[in-house]
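Okay, so here's the structure we're looking at.
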Amino acid sequence: MKLIIDDADTEAIKRLVEYYPIDGVTTNPSILAKAGRPPFEVLHEIRSIIGPDRELHAQVVARDAEGMVADAHRIVKELGNNTFPKVPSIPEGFKAIKQLSAEGINVTATAIYTPLQAFIAAKAGAVYAAPYINRIDNMGYDGIDVACKIHDIFRANNLHCEVLAASFKNSEQVLKLAVHGVGAATIASSVIDSLTKNAAIDAAVDDFTADFEGLTGAGKTMATV
Ligand code: G3P
């Protein structure tokens, strides 16, 4: 499962890319609005932080297929290889996905709440489908179940599309999707930090340091003993 940052906070992205095995960054118009700067200024900065080899996903905003295609062309032209225009999984979006995928552009179908949206998007040619886990949970359904079902539908129908699960609020949601082996999870910075945050881990590492320093002296390490 790829690990992707769902954020446009460039300081957070810099830090996470330095510490964690990050495969890319996703944004949407609401995430860009939080950054409060011109959209392409922020997206170019993100591209320069993550380099040319990681994935960058940026969403179209037009509401009709023709406008979505134009938005997607601009996104790819500005941000280069490994850029994935995100297109909402609505009828105008399916029309745009068909055209963009025929042109060889890698599209991420987004705003997915139901397995059938993902099925149609994948048949239209999307390479990723992004179900919104937490938002589905908040509607009284099971977001994990929806994402796993989508993964299974893709496999059962030999569709070349992967789940890119989005909208996470906690580590358990991420863990369940990793167990199922979905293609990718895009996760807000604060939730990425929480994936491996645990007082028992810190206590174990503190104990190792204290025991070693008891043996060799304060501040000593394997390199300096
Ligand atoms: O792109 C969709 C994803 O970012 C939604 O996350 O936390 O706004 O539900 P959230």
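Start counting the sequence shown at 84; every next residue gets the next number (the working numbering). The beta carbon of each residue, even a glycine, is placed where N, CA and C say it ideally should be.
Own chain residues within Cβ distance below 7 angstroms of A95, not counting five before or after: S272
Contact under 8 angstroms by Cβ, A267 with L247: yes
Spatial neighbours of I203 in its chain, beta-carbon cut-off 8 angstroms, leaving aside the 5 residues before and after: S172 and F177
Buried versus exposed call for K160 [16 or more other C-beta atoms within 10 Å across all chains shown]: exposed
contact_flag[the segment 221-232, the segment 143-161] where n(CB pairs < 8 angstroms) is 3 or more: no
Stretch pair the segment 188-200 + the segment 211-220: three plus CB contacts closer than 8 angstroms: yes
Start-to-end residues for the alpha helix (DSSP H) that takes in P168: First-last for P168: T166 to P171, but that is the beta strand (DSSP E), not the alpha helix (DSSP H).
Cβ neighbours of D220 in the same chain (closer than 6 angstroms, five flanking residues each side left out): G226
Completely contained alpha helix (DSSP H) runs for the segment 201-273, where each covers 4 or more residues: 216-221, 226-239 and 254-263
Backbone CA spacing between S131 and G300 [nearest angstrom]: 43 angstroms
Inter-residue spacing [alpha-carbon to alpha-carbon] between E245 and G302: 47 angstroms
Residues bridged to Q142 [DSSP beta-bridge criterion]: K169
Exposed unless 16 or more other CB atoms sit within 10 angstroms - verdict on A126: The sequence given here has Leu at residue 126, not Ala. It counts as buried.
Residues near A145 by beta carbon distance below 8 angstroms, same chain, minus five either side: M151, A153 and D154
Residues that G107 bridges to, as DSSP identifies them: I87 and E138
Integer-rounded CB distance, given that A148 should sit under 8 angstroms from A179: 4 angstroms
Beta-carbon gap between K259 and V274 smaller than 8 angstroms: no
Alpha carbon of Y102 to alpha carbon of F295, nearest angstrom: 25 angstroms
Helix, strand or coil at T292 [DSSP, three-state]: helix
Three-state class that DSSP yields for T197 in the structure shown: coil
Identity of the residue in P168, H263 and A283 nearest E80 by Cα: Examination of residue 80 is not possible in this model, given that the chain is present from 84 through 308 alone.
Proximity test, D220 beta-carbon vs ligand 1 heavy atom, cut-off 7 angstroms: no
Pairwise C-alpha distance: V190 and E128: 21 angstroms
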